[in-house]
Structures are given as C-alpha cells and as structure tokens.
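Novice: Got a structure for you, written out below as structure tokens; questions coming shortly.
Numbering (my numbering), first residue to last: 105 to 267.
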C-alpha cells in the first residue's frame, strides 16, 4: 500500500511539470478552417473568431500596428503549432500597437485568436500569394520552456483478450 501511495505521489509531481495551455478564449471560435482554405474563399471565415497558429516568417512594425507573417501549422491539444505536421498555409496577423520584433523573430511559434475579413496579395519569393489578414484579439508567443515542460511519455491502461 505504501508503494501505491508513492506511485500516485510521483505521478502528481510529474503532472505538475506538464505545460498548461495558454489562456485563450476559444469559445465560439472556428478551429477547423485553415488559412489556405480562407485564402481561397474569404467568406468561409464568417463572423466567428478563428484560432490559428504557426511559425513567424517575418515581423514588421508599421505606423500604428505590427504585422506578423505566419506559416500556419495544425494546433495540438495545448493550442501550440505542431511543426511535425504539414503546414496549412500562410496568414498575416495585424496587432494594434507595437510588438518587439526581436521577440517575434523568424522561427518563433505563436497562436492567435481573431477575425479575418480580407485578403492581402503579397509575394512569397517570386510567387503571388493571397494572405488572409487576421486582426488579432489574443496573441500567445510560445517559449522554449513551454515545449520542454511537456511530458515526453503517457500513461495508459489496456485490455488484452485472448482465445
């Protein structure tokens, strides 16, 4: 019985190390529409907020806002971009006010909740690309510690049936 208590105590301590998802209000948000799909049919974005994330390609401070170009990836259960999966397009985040572009350097991961009302045509290399433009309501910049803190193992129970 003492060992069982130690086991559960150890599990409780390990779970305290697990990363908590960012506090983003995703109620009534569309989690299914991808930037690639929105770029082909902007009306599909509708009125609901969208939740998108990905890797920063570039960050530019404009006169009254900051623009981030993002290579989008599917989000995991913590709403963190999963860069081991196939990218789902590109999009622009328009953030009112100033963001430090060193903090939002290329390669950093972000998750945003916001609305998309229009497209902006820009070049990706020599190619023309229609970027959905998200006006963010919430923006989360992921840190390396967020990734390190996630557990590297799972516990599970199984049933084996034999004849």
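Glycine is no exception: its CB is placed at the ideal position from the N, C-alpha and C atoms.
What are the start and end residues of the alpha helix (DSSP H) that includes residue 204?
Specialist: Run containing residue 204: none; DSSP gives neither H nor E here.
Novice: Distance check for residue 176 and residue 239, CA to CA, integer angstroms please.
Specialist: Distance between the alpha carbons of residue 239 and residue 176 is about 15 Å.
Novice: Going by other Cβ atoms of all chains shown within 10 Å of its Cβ, with 16 needed for buried, is residue 121 buried or exposed?
Specialist: Its pLDDT being 49, under 50, residue 121 is placed unreliably in this model, and the value from its coordinates should be taken loosely. So residue 121 counts as exposed.
Novice: Skipping 5 residues on each side, what residues in its chain have a beta carbon closer than 8 Å to that of residue 155?
Specialist: Excluding sequence neighbours, residue 155 sits near 128, 130, 133, 134, 135, 179, 183, 215, 216, 217.
Novice: Given a threshold of 16 other Cβ atoms within 10 Å of its Cβ, counted over all protein chains shown, does residue 231 qualify as buried or as exposed?
Specialist: Per the 10 Å Cβ criterion, exposed.
Novice: Starting from the Cα of residue 204, find the closest Cα among 246, 164, 140 and give me that residue.
Specialist: Nearest C-alpha to residue 204: 164.
Novice: May I ask you to report which of helix, strand or coil DSSP gives residue 140?
Specialist: Note: residue 140 maps to helix in three-state DSSP.
Novice: Less than 8 Å between the C-beta atoms of residue 197 and residue 243, yes or no?
Specialist: Yes; because the gap between Cβ atoms is below 8 Å, this pair is in contact.
Novice: Which partner residues of residue 165 appear in the DSSP bridge assignment?
Specialist: 170.
Novice: By a C-beta neighbour count over all protein chains shown, 10 Å radius and 16 as the cutoff for buried, is residue 166 buried or exposed?
Specialist: Exposed, since its Cβ has fewer than 16 Cβ neighbours within 10 Å.
Novice: Pull up the distance between the alpha-carbon of residue 265 and that of residue 249, whole angstroms please.
Specialist: Those two C-alpha atoms are separated by around 41 Å.
Novice: Evaluate residue 213 with the Cβ neighbour count: other Cβ atoms within 10 Å of its Cβ, from every protein chain shown; 16 or more gives buried, anything less gives exposed.
Specialist: So residue 213 ends up on the buried side.
Novice: So for residue 133, helix, strand or coil by DSSP?
Specialist: Three-state result, residue 133: coil.
Novice: DSSP beta-bridge partners for residue 240?
Specialist: According to DSSP, residue 240 bridges with 218.
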